[in-house]
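Peer 1: Right, I'll just put the structure down here and ask away after.
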Amino acid sequence: MSIEKTIIGVDLDGVCADFYRRLREIAAEWLEREIDELPTDFSYGLQEWGIADSEQYNSLHRFAVTQRGLFETCPMISGARKYLRRLSDEGARIRIITHRLFIHYFHHASVSQTIDWLDQNGIPYWDLCFMKDKEQVGADIYIEDSPHNIEKLRSEGLHTICFANSTNTHIAPPRATTWEEVYRLVHETLGG
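Take 1 as the starting number for the sequence shown in our numbering and just add one per residue.
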């Protein structure tokens, strides 16, 4: 398969946007704790930060997006712009896939912050999909960090590169810890 016209489905949070780094700053404020008290190694759900359940997480998330502009203030993960541009210049179609609309009643803020962040950071993309069931977008290769999403995509027979972090240490290869590794794995997958 050639890179030209290959659809690459790219997650945002934890893959392009350093979501957890920014959320950690906001969580420290929200929880009224020192940031050093919130470990940088954590599991999905953030129990290590004292987040007890999904209701508490949803409250933190709502505060982060609506009061602190979480989706527009996340730093970019190093290399995301450079290697996505390179893949795009080589003819790949970048399809951003994110599930940022999982809490009701502030979709406008989530969508507008997402578009602003993508534009401000110069991330190339042809399509922007806000959806939970990422396997439905029809990508040839997926780049994802959520353990649940990776397992679901792979169970559907979809080639998925795990962008490594502390929430997905149990996920098998292919894995990448940097965007340079993602770029290499995409080319290896395509036979080039």
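Each residue gets a CB set at the ideal place from its N, CA and C atoms; glycine is no exception.
Among the residues of its own chain, which have a CB less than 7 Å from the CB of Glu156, if the five just before and after it don't count?
Peer 2: Glu135
Peer 1: Quick one: what's got a C-beta closer than 6 Å to Arg93's C-beta in the same chain, skipping five residues either side?
Peer 2: Ile7 and Trp126
Peer 1: For the stretch 114-131 against the stretch 158-173, do three or more pairs of beta-carbon atoms, one drawn from each stretch, fall closer than 8 Å, so that the two count as touching?
Peer 2: no
Peer 1: To the nearest angstrom, how far is the alpha carbon of Thr178 from that of Ser78?
Peer 2: For Thr178 and Ser78, the gap between their C-alpha atoms comes out near 8 Å.
Peer 1: With distances taken from CA atoms, which of Glu4, Cys16 and Gly9 is nearest Thr73?
Peer 2: Cys16
Peer 1: Consult DSSP for Tyr125 and reduce its assignment to one of helix, strand or coil.
Peer 2: DSSP places Tyr125 in coil when its eight states are reduced to three.
Peer 1: How long is the line joining the alpha carbons of Val137 and Leu87, rounded to whole angstroms?
Peer 2: 19 Å
Peer 1: What would DSSP say about Ile94, mapped onto helix, strand or coil?
Peer 2: strand
Peer 1: Please state whether the Cβ-Cβ distance between His99 and Lys132 is less than 7 Å.
Peer 2: yes
Peer 1: On a CA-only basis, which of Glu188, Gly91 and Thr167 is nearest Gly45? Give me that one, please.
Peer 2: Thr167
Peer 1: Just grab the DSSP bridge partners of Glu181 for me.
Peer 2: Its beta-bridge partners do not exist; DSSP assigns none.
Peer 1: Can you give me the start and stop residues for the beta strand (DSSP E) that Thr114 sits inside?
Peer 2: Not the beta strand (DSSP E): Thr114 falls in the alpha helix (DSSP H), residues His107 to Gln120.
Peer 1: Cα-Cα, which of Gly50, Asp18, Ser43 and Asp41 is closest to Ala27?
Peer 2: Gly50
Peer 1: Whole angstroms are fine: how far does the CA of Phe71 sit from the CA of Pro39?
Peer 2: 21 Å
Peer 1: Write down the C-beta distance between Ile226 and Val186 rounded to the nearest angstrom, noting that I regard them as a contact closer than 8 Å.
Peer 2: Coverage of the chain is limited to positions 1 through 192, which leaves residue 226 absent and any answer about it impossible.
Peer 1: Going by beta carbon distance, what residues of the same chain come within less than 6 Å of Glu144, once the five residues before and after it are set aside?
Peer 2: Leaving aside the five residues that flank Glu144 on each side, the residues in its chain whose CB is nearer than 6 Å to its CB run, in chain order, Asp11, Ile150 and Thr160.
Peer 1: In chain order, what are the residue ranges of uninterrupted alpha helix (DSSP H) at least 4 long that sit wholly in the stretch 123-159?
Peer 2: 147-155
Peer 1: Label Asp14 either buried or exposed according to how many other C-beta atoms from any shown protein chain fall within 10 Å of its C-beta, with 16 as the threshold for buried.
Peer 2: Reading off the sequence, residue 14 comes out as Gly, not Asp. Using a 10 angstroms sphere on the CB of Gly14, the tally of other CB atoms reaches 16 or more, which defines it as buried.
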